[in-house]
Structures are given as structure tokens and as C-alpha cells.
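Following our numbering, the numbering of the sequence shown begins with 5 at its first residue and continues without gaps.
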Amino acid sequence: MHTIGRIHSVETFGTVDGPGIRFVLFMQGCALQCAYCHNPDTWRTDKGREATVDDILAEIEPYVPYYRRSGGGITVTGGEPTLQAPFVARLLAACKRRWGLHTAVDSSGFCDPVHVEELMEATDLVLLDLKLLDRRRHIALTGQPNDRTLAFARWLSERGKPVWIRHVLIPGVTDGAADLTAFGAFVGSLDNVAKFELLPYHRMGVYKWERLGKPYPLAGVPTPEEKDMRRAWTLVEEGMNSRRC
């Protein structure tokens, strides 16, 4: 039961999706369609390859010494890994049981907490991608409202599950002063944030949109400059500090 997952791809030497060197497993399928997504080829749930838990364990095994020595482990991303929560839960539990690997899930948080309880039990760290706090603009940016994401963030906080919050800075979209201070205040209201990452928007996935025959929604939007990133950090920190006062 729950032994088959639909897989997009794997990376055996990941260094940005959690601590240490990591096996990064990209799951197929996503309920969001973010305008800046660099993996639009992961959206469809009927694509990718099928694999069993044992298949993925066999792919991980040759690299386990590197992961363990570096304090790394396995990160499951996508797409959206919570769409295949039972499979991912079994895989992560097996990685912990067999090798004692650190486990992480990279998620948009667009899920029902009840559906992912077993998965969260096997997860050491959640990399939570928060897009926008404004509900209407979140729908315009991703195709879905943010109610589930914000509720999931609070649910994780209540349970003390460690998270890294990630926020992509997109000029003219997510870089408004009010948005950033409000975002900082929300992050400051959570009790489980081990790290906050403000990530600059990039255009590295545009060729995938073109290959799929999809018009790229953010055509013409520039990547943020260093001064833009510094300004955003300042505003987010102001929001965090206002929450603590």
C-alpha cells in the first residue's frame, strides 16, 4: 500500500535544499501553477515515471556515506510532495530507519494537515515556500488562495516542527513595502522558524515554459538587484521586530 510514487527527477548532490549534501527527489504533480515556477514540467499528475519506495532507496544507497558525513540527508520537493504524502511518508521513514538520514520536505503548504500527519512524523525539517499574504494577489500569482498555506504554517508552529521559510522576491509583484513588513510580522508570529531565506527571482526556467508551449506570465520582469534585496531584508526585519515588541 502506498508503495508507488510518480517521480519527476532526482538530484544526488543537492546543497541548497536543507543542511549538508542531500539526495533531492522531485515528485510529479502540483496544485499550484506559480507564474514564476522554474519547474512547470512537474505540474501534471499524469507525467513522470512510476517508482516504488525500494526503487528510490536503491538510488539513494550509493551516496549515503556522503550524506551522513556532511550532516545531510534527503529532501523531497516537486512539484508538490504532499500530493503524494503516503508514499513520501513511507520513503522518509525508511531512510531514517535504514540509515538515520535527516529528512526534509520542500512544500508550498497547500495541503490539509490531517492528510500529512504521517508524513510530518517522518520529516525533520519543512522548507515552506510562502508566496504572498494578500489572498487575491496570491490567487493571481499561483492560481490558488493561500488559506491552506497560512493554516499549515500555523499548524507546524503549534507542533514545534522546524521550518525554513522561503520567500521569492519578484520586482513589482512581491516586493511592496507593506507586503514585506506584513510578511515579516507573519514570520515573526511563528515559533518554529529555524531559518528565513529571501530568494531573488530568476528566469532559469523560462526555457521550460517555451518548450511546453506556454506563454511565460512574467516576461519582462527583471531579476532584483543587490540593493533591492537589501531593502527587502530591512523591511522584513522591521516586520519581524514589530511582532516581537
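Here a beta-carbon is modelled for each residue, glycine too, at the ideal position from N, C-alpha and C.
Note that this is a predicted model, so its numbers are computed, not measured.
8 Å Cβ cutoff, residue i in contact with chain B
{"i": "glutamate 201", "result": "Of the protein chains in the structure, only one exists, and it is not chain B."}
C-alpha gap between residue i and residue j, whole angstroms
{"i": "aspartate 59", "j": "proline 66", "result": "13 Å"}
{"i": "valine 74", "j": "glycine 24", "result": "In the sequence under discussion, the amino acid at residue 74 is serine, which differs from the valine named in the question. In a straight line, the C-alpha of serine 74 is about 5 Å away from that of glycine 24."}
{"i": "arginine 53", "j": "valine 14", "result": "11 Å"}
{"i": "threonine 127", "j": "serine 246", "result": "31 Å"}
{"i": "threonine 16", "j": "tyrosine 70", "result": "10 Å"}
{"i": "threonine 7", "j": "proline 85", "result": "14 Å"}
{"i": "histidine 206", "j": "lysine 212", "result": "13 Å"}
{"i": "asparagine 43", "j": "cysteine 115", "result": "19 Å"}
{"i": "methionine 5", "j": "leucine 95", "result": "Low confidence applies to methionine 5: its pLDDT is 48, below 50, so where it sits in the model is not reliable, and the reading given next is rough at best. Whole-angstrom Cα-Cα distance: 12 Å."}
{"i": "leucine 29", "j": "glutamate 242", "result": "35 Å"}
{"i": "threonine 19", "j": "arginine 26", "result": "6 Å"}
{"i": "valine 240", "j": "glutamate 214", "result": "34 Å"}
{"i": "alanine 155", "j": "leucine 87", "result": "17 Å"}
{"i": "threonine 49", "j": "glycine 83", "result": "9 Å"}
{"i": "asparagine 150", "j": "arginine 141", "result": "10 Å"}
{"i": "isoleucine 64", "j": "aspartate 45", "result": "23 Å"}
Spatially closest choice to residue i from the options, by CA coordinates
{"i": "arginine 10", "options": "Cys99, Arg152, Lys51", "result": "Lys51"}
{"i": "arginine 158", "options": "Phe190, Pro175, Asp138", "result": "Phe190"}
{"i": "cysteine 34", "options": "His106, Gly22, Leu123, Asp110", "result": "Asp110"}
{"i": "valine 172", "options": "Leu105, Ser112, Leu96", "result": "Ser112"}
{"i": "alanine 97", "options": "Thr238, Tyr220, Leu87, Val57", "result": "Val57"}
{"i": "leucine 134", "options": "Thr153, Leu87, Arg141", "result": "Thr153"}
{"i": "glutamate 230", "options": "Ile174, Asp195, Gly192, Tyr40", "result": "Ile174"}
{"i": "cysteine 41", "options": "Glu122, Gly209, Leu202, Ala181", "result": "Gly209"}
{"i": "arginine 235", "options": "Trp47, Leu87, Gly188", "result": "Gly188"}
{"i": "lysine 165", "options": "Glu121, Ala39, Thr185, Ile143", "result": "Glu121"}
{"i": "leucine 105", "options": "His12, Thr238, Thr185, Leu61", "result": "Leu61"}
{"i": "aspartate 21", "options": "Leu136, Asn150, Thr46, Glu201", "result": "Glu201"}
{"i": "lysine 100", "options": "Arg72, Arg163, Pro117", "result": "Arg72"}
{"i": "methionine 233", "options": "Thr185, Asp151, Leu203", "result": "Leu203"}
{"i": "proline 117", "options": "Ser193, Ser161, Thr185", "result": "Ser161"}
{"i": "leucine 194", "options": "Ala181, Met244, Val225, Leu136", "result": "Met244"}
{"i": "threonine 185", "options": "Pro219, Thr238, Asn150", "result": "Thr238"}
{"i": "alanine 181", "options": "Asp45, Leu136, Phe91", "result": "Leu136"}
Residue i vs residue j beta-carbon contact at 8 Å
{"i": "valine 130", "j": "tryptophan 103", "result": "no"}
{"i": "alanine 198", "j": "valine 167", "result": "yes"}
{"i": "aspartate 138", "j": "aspartate 179", "result": "no"}
{"i": "glutamine 148", "j": "leucine 216", "result": "no"}
{"i": "arginine 170", "j": "leucine 132", "result": "yes"}
{"i": "histidine 119", "j": "alanine 89", "result": "yes"}
{"i": "valine 80", "j": "methionine 31", "result": "yes"}
{"i": "leucine 77", "j": "alanine 55", "result": "Before going further, note that residue 77 is glycine rather than leucine in the sequence given. Cβ atoms of glycine 77 and alanine 55: not closer than 8 Å."}
{"i": "alanine 39", "j": "proline 221", "result": "yes"}
According to DSSP, residues forming a beta bridge with residue i
{"i": "tryptophan 213", "result": "Beta-bridge pairing links tryptophan 213 to no other residue."}
{"i": "histidine 106", "result": "Gly77"}
{"i": "threonine 280", "result": "The chain is shown from 5 up to 249; residue 280 falls before or after that span and cannot be answered."}
{"i": "lysine 135", "result": "Answer is none; lysine 135 lacks a bridge partner."}
{"i": "glycine 176", "result": "Answer is none; glycine 176 lacks a bridge partner."}
{"i": "serine 246", "result": "DSSP output for serine 246 lists no bridge partner at all."}
N- and C-terminal bounds of the alpha helix (DSSP H) containing residue i
{"i": "phenylalanine 27", "result": "First-last for phenylalanine 27: 26-31, but that is the beta strand (DSSP E), not the alpha helix (DSSP H)."}
{"i": "glycine 82", "result": "Glycine 82 -> no alpha helix (DSSP H), and no H or E assigned at all."}
{"i": "arginine 48", "result": "Note, arginine 48: premise wrong, no alpha helix (DSSP H); not H, not E."}
{"i": "arginine 152", "result": "151-162"}
{"i": "leucine 184", "result": "181-192"}
{"i": "alanine 198", "result": "Premise fails: alanine 198 lies in the beta strand (DSSP E), 197-204, not in any alpha helix (DSSP H)."}
{"i": "glutamate 63", "result": "57-64"}
Opening and closing residue of the beta strand (DSSP E) in which residue i lies
{"i": "histidine 171", "result": "167-173"}
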